[in-house]
Amino acid sequence: MSLQSASYQELKKAKAAVVACLDKAGIPWCSDPVWPDHRAVSVSLENDDDFRGILFYWTPPARGAAARAAYNAGDRGYPEVMGDIGSDSEAIEWIGRLLAEAGIVTEDYGDRMSPDTLYVVEVR
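Under numbering that gives the first Met the number 0, the first residue of the sequence shown is numbered 0, with each subsequent residue one higher.
Structure below.
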């Protein structure tokens, strides 16, 4: 299904497909605005006049003091998910490829303020 003119229910189904793919791959995720104290993919459903669709990106490393201290000490969280991937750009590209294998087409959101954000174009 193309998301350009999708109904709210279709957008919810698309988000569920993204989340199912992340779960299957063992990739931690969350929904805005609640971020966990570890790295995760933030998956948000946008349904307003300016933009309709599903956006996703890596959340900041941590919000809690203990997690932030661990991050500052070099713990980048979930290394088993990141593998050899060293940057947010590489991580989000890798996740985009995983979603593509599941029939979920993504593109760069094109926001200079959030350069590592992708959006879902279509769910096949």
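Every residue gets a Cβ at the ideal spot worked out from N, C-alpha and C, and that includes glycine.
Just so we're clear, the structure is a prediction, and the values are computed from it rather than from any experiment.
Backbone secondary structure at residue i - three-state DSSP
{"i": "Tyr108", "result": "coil"}
{"i": "Ile53", "result": "strand"}
{"i": "Leu2", "result": "coil"}
{"i": "Asp83", "result": "The pLDDT assigned to Asp83 is 43, lower than 50, so where the model puts this residue is not dependable, and the model offers no usable value."}
{"i": "Pro114", "result": "coil"}
Endpoints, alpha helix (DSSP H) assigned at residue i
{"i": "Ser88", "result": "Asp87 to Glu100"}
{"i": "Ala39", "result": "From DSSP, Ala39 is part of no alpha helix (DSSP H); its letter is neither H nor E."}
{"i": "Asp22", "result": "Tyr7 to Ala24"}
Cβ pair residue i, residue j closer than 7 Å
{"i": "Val25", "j": "Tyr118", "result": "Residue identity differs from the one stated: residue 25 is Gly in this sequence, not Val. Cβ atoms of Gly25 and Tyr118: not closer than 7 Å."}
{"i": "Val42", "j": "Phe55", "result": "yes"}
{"i": "Lys14", "j": "Leu44", "result": "yes"}
{"i": "Ala16", "j": "Trp28", "result": "no"}
{"i": "Ile91", "j": "Asp110", "result": "no"}
{"i": "Arg101", "j": "Cys20", "result": "The sequence given here places Ala at residue 101; Arg does not occur at that position. Contact: yes."}
{"i": "Val104", "j": "Glu121", "result": "yes"}
Residues bridged to residue i [DSSP beta-bridge criterion]
{"i": "Val120", "result": "Val120 is not bridged to any residue."}
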